Amino acid sequence: LFALMGTRAGIARELERVEQQSQLEQLSVAELQSRNHDHWATWLQEYRARLDKDLEGAGDAAAWQAERVRVMRASNPKYVLRNYIAQNAIEAAERGDFSEVRQVLKLLETPYQCEAGTATEPEATEARGATGGQHSYSSKPPLWAAELCVT
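Residue numbering for the sequence shown is 1 to 151, as defined by my numbering.
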């Protein structure tokens, strides 16, 4: 039976998720919002305390902040290849227009940077999709992208 359903730990995790879902469904919207607000307020206080502690040991606040931003940008890519971006490039290439493929390749060569004066800037980085509208590569996917299926 476990071979069909997974390990004991996996089953226990799934049962816990079902229980949590049941508890959430019993909360009113006001209760859920209050609970979420309290959790976020606690998290923000703890994060602020951590930042204050880190800043104490740093000395120069501006240099410390610049280093934090540098590390963040080196760890979190601005551009990630999404299905809708790839689909737009494929459709353009099938029509003989490889400019979209080149643009996506250029973005993905330096996904952590936004180079001034190039098409990697959000204002200039617009992808035309199935709806014919424009959409930035670094923003949330357009609604039509949810309908894409990867094969």
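We treat Cβ as the ideally placed atom computed from N, Cα and C, and that holds for glycine.
None of the values given here were measured: they were computed from a predicted structure.
Review point. So, helix, strand or coil for serine 138, using DSSP?
Key: Residue numbering aside, residue 138 sits at position 138 when the sequence shown is read from its first letter. Residue state, collapsed to three classes: coil.
### Task
Consult DSSP for lysine 78 and reduce its assignment to one of helix, strand or coil.
In the sequence shown, residue 78 corresponds to position 78, counting from 1. In the structure shown, lysine 78 sits in coil (DSSP, three-state: anything other than H, G, I, E or B).
- [ ] Classify arginine 128 as helix, strand or coil using the three-state DSSP reduction.
- [x] On the sequence shown, position 128 is the one that residue 128 refers to. Here the model assigns arginine 128 a pLDDT of 47, short of 50, so the residue's position is not dependable and the matter cannot be decided.
Q: Let me know the secondary structure DSSP gives aspartate 157 once reduced to three states.
A: No answer is possible for residue 157: the residues shown for the chain start at 1 and end at 151.
Indicate whether proline 111 and valine 80 have their beta-carbon atoms separated by less than 8 Å.
-> Residue 111 sits at position 111 when you count from the first residue of the sequence shown. Residue 80 sits at position 80 when you count from the first residue of the sequence shown. Cβ distance < 8 Å, so proline 111 and valine 80 count as in contact.
Does the beta-carbon distance from alanine 145 to asparagine 83 come in below 8 Å? As a working note, residue 145 is residue 145 in the sequence shown. As a working note, residue 83 is residue 83 in the sequence shown. Cβ atoms of alanine 145 and asparagine 83: closer than 8 Å.
### Message
Going by DSSP, what residue range makes up the alpha helix (DSSP H) through glutamine 21?
### Response
Taking the first residue of the sequence shown as position 1, residue 21 is located at position 21. 8–25 is the span of the alpha helix (DSSP H), which, as asked, contains glutamine 21.
If leucine 148 sits next to glutamine 87, beta carbons under 8 Å apart, how far is it from one beta carbon to the other, in whole angstroms? Numbered from its first residue, the sequence shown carries residue 148 at position 148. Numbered from its first residue, the sequence shown carries residue 87 at position 87. Sure, about 6 Å apart at Cβ, within 8 Å.
Are the CB atoms of alanine 89 and valine 101 nearer to each other than 8 Å? Stepping through the sequence shown from its first residue, residue 89 is reached at position 89. Stepping through the sequence shown from its first residue, residue 101 is reached at position 101. Yes, they are a contact pair.
Using a 10 Å radius around the Cβ and a threshold of 16 neighbouring Cβ atoms, would you call glutamine 103 buried or exposed?
What you label residue 103 is simply residue 103 of the sequence shown in a count that begins at 1. It is buried - the Cβ of glutamine 103 has at least 16 other Cβ atoms within 10 Å.
Practice task
May I ask which residues mark the beginning and end of the alpha helix (DSSP H) holding valine 101?
Solution key: As a first step, residue 101 is located in the sequence shown; it is residue number 101 there, counting from the start. Per DSSP, valine 101 belongs to the alpha helix (DSSP H) from 99–109.
* Can a CB atom of chain D be found closer than 8 Å to the CB of glutamate 14? -> Protein chains in the displayed structure number just one, and chain D is not present.
Distance check for leucine 24 and arginine 17, CA to CA, integer angstroms please.
If you number the sequence shown from 1, residue 17 lands on position 17. If you number the sequence shown from 1, residue 24 lands on position 24. Approximately 10 Å between the Cα atoms of the pair.
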